[in-house]
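So the structure is just underneath, and the comments pick up after that.
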Amino acid sequence: MTSTNSLEAQGVISLLRDRPNGAYVTLFMISVNVFIFLLMLKFGAGLWHSPNGVQLAWGANFGPATKDGEWWRLATAMFLHFGLLHLAMNMAALFDSGRLVERMFGHARFAFLYVLSGLFGNLLSLLVQGNHAVSGGASGAIFGVYGGLIIFLWRHRRQVHPVEFKWLFGGAILFSCLTLVLGFSITGIDNAAHIGGLVAGIILGIVLEPHPQGATFEIRRNQWFFAILMILSVVTIFYLMPSASYRWNKDQQAQVEITKFLSRDAVISQRWQDTLQQGQAEGLSFDKLAGKIEQDVAIPYEKSFNELSSINLEPNSPSAESLGNVRRYIEIRRNASKSLVKGLRTKDIEQIQRSLREAQTAAKVVADDKAKHDQQQTSKSETK
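Start counting the sequence shown at 0; every next residue gets the next number (numbering that gives the first Met the number 0).
Right, here's the structure in full:
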């Protein structure tokens, strides 16, 4: 672990030059980010841009999902990137800053600084972005590294060579400010995570700063003060955090069930058509035809309707409209098939014809809904 005394003796530049292979945590974090990106490429992510659905499946930060019990997304989002450029920029910044900051704080302290800053940045992003953005990337954690660098250099400015201090401290401040300005100017950049990571890095830089044996009571007291400040900040964010606008897991369940039904409906509809054609070709009696339609069509629609009716979504849930449309479609087809069965058994030609017309009108409902269902998958906004 690098102590303050070693920094005073060698200077920052000398410390970096004399220990070129000491940034194990930095290299490990870069390796993990690159490995996950390559793994995502193999399983459907894009080289230059990944769809939101892919990012969500891999653990991106998203208000309704994270606040619906999937708090692990605050951590997994730190290792996801939306494209090669996004990854390259973040890893270059981490490599540039991490090699030095890890020597300043030591391996374990640096790991805590990196991870906790990233978590805090994603937590603040969750508060600011609300329920509208899918976010991911290592930039919150990297801003935490820069925050730790800034506060460490400032607190030891009298022991650092003026040229080194001006170059490193000024460079860290300039990088942070320019990146934040770009974040406010360009849509799709998660500045809340950047600011949260930077603030956390500054606070944690004080808390985690290594100090020599026999450090004064004042130094230890300051570290405890900022540790409590960090905890209170987290508690405050949770207190201010609005509840999710809808239940993510319920909505996901609804989407799965809708997709399953659309596939099942194609089979049921084909059976309906085949049964009618078979009845006409083979001259089946009305009773036999009614029995086959009841077994192959009416009963499956009844079962599907009951299954989808058991899913209760909030009105503002993205799948609420789709679920309602599919239920209405099933209800029309179920009632039409039951009416057809009754018409066949009573040999009521008028009712048979009316039932077939009603069944055809339901097709437009599911066709319109399928288009909305597909469009919904690409409608969420995205931040990095």
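Idealized CB from N, CA, C, for every residue including glycine.
Please identify the residue among Lys337, Gly195, Gln352, Val325 whose C-alpha is closest to the C-alpha of Lys291. Stepping through the sequence shown from its first residue, residue 291 is reached at position 292. Of the candidates Lys337, Gly195, Gln352, Val325, the one whose C-alpha sits nearest the C-alpha of Lys291 is Lys337.
Straight-line Cα distance separating Leu261 from Leu179: The count along the sequence shown starts at 1 and reaches residue 179 at position 180. The count along the sequence shown starts at 1 and reaches residue 261 at position 262. The straight-line gap from Cα to Cα measures roughly 46 Å.
Val247, buried or exposed, once every other Cβ within 10 Å from all chains shown has been counted against 16: For this step, residue 247 is matched to residue 248 along the sequence shown. Position check: residue 247 holds Trp in this sequence, whereas Val was assumed. Answer is buried; the Cβ neighbour count reaches 16.
Can you tell me where the beta strand (DSSP E) holding Val133 begins and where it ends? Here residue 133 is taken as the residue at index 134 of the sequence shown, counted from 1. Start and end: 132-134.
Whose C-beta lies closer than 7 Å to the C-beta of Ile150 among residues of the same chain, with five residues either side of it excluded? Indexing the sequence shown from 1 puts residue 150 at position 151. Around Ile150: Ile201, Gly204, Ile205.
Could you spell out where the alpha helix (DSSP H) holding His106 opens and where it closes? Here residue 106 corresponds to residue number 107 of the sequence shown, with the count starting at 1. Residues 106-128.
Use the C-beta contact count for Phe224: other C-beta atoms within 10 angstroms, 16 or more gives buried, fewer gives exposed. Taking the sequence shown and counting its residues from 1, the one referred to as residue 224 is at position 225. Exposed: under 16 other Cβ atoms inside 10 Å.
What's the gap between the Cα of Glu293 and the Cα of Pro317? As a working note, residue 293 is residue 294 in the sequence shown. As a working note, residue 317 is residue 318 in the sequence shown. Approximately 34 Å, taken between the alpha carbons.
If you draw a straight line from the C-alpha of Tyr113 to the C-alpha of Ser321, how long is it? Taking the sequence shown and counting its residues from 1, one reaches residue 113 at position 114. Taking the sequence shown and counting its residues from 1, one reaches residue 321 at position 322. Each residue's Cα considered, the two are about 42 Å apart.
Using the beta-carbon count (16 or more within 10 Å), is His85 buried or exposed? Numbered from its first residue, the sequence shown carries residue 85 at position 86. The residue in question, His85, is buried, as its Cβ has 16 or more Cβ neighbours within 10 Å.
Where does Asn190 fall in DSSP's three states? Locating residue 190 in the sequence shown gives position 191, where the first residue counts as 1. In this structure, Asn190 counts as helix in the three-state DSSP scheme.
Does the count of Cβ pairs from the region 101-109 and the region 125-133 closer than 8 Å reach three? no
Distance check for Thr75 and Gly323, CA to CA, integer angstroms please. The sequence position of residue 323 within the sequence shown is 324, counting from 1. The sequence position of residue 75 within the sequence shown is 76, counting from 1. Taking the straight line joining both Cα atoms gives about 33 Å.
When the Cα atoms are used, what is the spatial distance from Gly68 to Met77? Walking along the sequence shown from the start, residue 68 turns up at place 69. Walking along the sequence shown from the start, residue 77 turns up at place 78. Whole-angstrom Cα-Cα distance: 18 Å.
List the DSSP bridge partners of Phe61. Counting from 1 along the sequence shown, the entry for residue 61 is found at position 62. BP columns for Phe61 point to Val133.
For Glu330, which residues of its own chain have a beta-carbon under 8 Å away from its beta-carbon, when the five flanking residues on both sides are left out? Here the question's residue 330 lines up with position 331 in the sequence shown. Excluding positions up to five away in sequence, the list reads Phe304.
Would you kindly check if the distance between the Cβ of Ser138 and the Cβ of His48 is under 9 Å? Start at 1 with the first residue of the sequence shown, and residue 48 comes out as number 49. Start at 1 with the first residue of the sequence shown, and residue 138 comes out as number 139. Going by C-beta atoms, His48 is not nearer than 9 Å to Ser138.
Is it buried or exposed for Glu349, if we count other Cβ within 10 angstroms and need 16 for buried? Within the sequence shown, the letter at position 350 stands for residue 349. Exposed is the call here.
Beta-carbon contacts of Asp25 that lie in its chain and below 6 Å, excluding the five residues immediately before and after: Sequence index remark: in the sequence shown, residue 25 carries index 26 (1-based). In the sequence on display, residue 25 carries Thr and not Asp. Excluding positions up to five away in sequence, the list reads Gly97, Arg98, Glu101.
If you run the structure through DSSP and keep just helix, strand and coil, what is Phe142? Position 143 of the sequence shown, counted from the start, is the residue given in the question as residue 142. Residue state, collapsed to three classes: helix.
What whole-angstrom Cβ distance do Ser244 and Asn315 have, given they're in contact under 8 Å? Working through the sequence shown from its first residue, we reach residue 244 at position 245. Working through the sequence shown from its first residue, we reach residue 315 at position 316. That pair is a contact at about 6 Å.
His307 and Leu343: beta carbons closer than 9 Å? One-based indexing of the sequence shown puts residue 307 at position 308. One-based indexing of the sequence shown puts residue 343 at position 344. Looking at the sequence shown, residue 307 is not His but Leu. No, they are not a contact pair.
Just the C-alpha distance for Val162 and Val31, rounded to the nearest angstrom, thanks. Here the question's residue 162 lines up with position 163 in the sequence shown. Here the question's residue 31 lines up with position 32 in the sequence shown. Roughly 35 Å between the two C-alpha positions.
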